[in-house]
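Numbering (our numbering), first residue to last: -15 to 100.
Quick reminder that beta carbons are idealized off the backbone N, C-alpha and C, glycines included.
Please read all numbers here as calculations on a predicted model, not as lab measurements.
First the structure, in the form of structure tokens, and then the observations on it.
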């Protein structure tokens, strides 16, 4: 499996970014997907997940009401819309296939920096 995350950048607090992750090498529409993040000196943490058909989503408490996960199975792509960004959202963001078989497949991630 290959996971190519993009869309990161530097924004001011309160700003927005939309991350994309294109997947290949899997039957994308059959797999739940997730976004994770890892800040410097911290462990990687779950941000949001979405089921295979896009009807069920779950979010970390820290991003509820600010982030929205979605997917386009026709494009084998999962998205993360991030609004009202805070400095504590600064991290490298990774997408992930939520299946044990792919547990070690992370891709290169995309850097998000929130700073004034």
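Margin query: Can you tell me where the beta strand (DSSP E) holding residue 98 begins and where it ends?
Written below: Boundaries of the beta strand (DSSP E) harbouring residue 98: 94 to 98, taken from the DSSP string.
Next item on the list: Could you name each continuous alpha helix (DSSP H) segment of 4 residues or more that falls completely within the stretch 36 to 84, going from the start of the chain to the end?
Entry: With a minimum length of 4 residues, no continuous alpha helix (DSSP H) run stays inside the stretch 36 to 84.
Notebook entry, point to check: How should residue 93 be labelled, buried or exposed, when 16 other C-beta atoms within 10 angstroms of its C-beta is the threshold for buried?
Noted result: Looking at its Cβ environment, which holds 16 or more other Cβ atoms inside 10 Å, residue 93 is buried.
Check: Got a sec? Which residues, its chain only, sit under 7 angstroms from residue 0 by beta carbon, not counting five neighbours each side?
Finding: These residues qualify, in order along the chain: 66, 67, 69.
Item checked: Alpha-carbon to alpha-carbon, residue -2 and residue 47 -> Taking C-alpha positions only, residue 47 is separated from residue -2 by approximately 13 angstroms.
Check: What whole-angstrom Cβ distance do residue 18 and residue 79 have, given they're in contact under 8 angstroms?
Finding: With 8 angstroms as the limit, residue 18 and residue 79 qualify as a contact, their Cβ atoms being about 7 angstroms apart.
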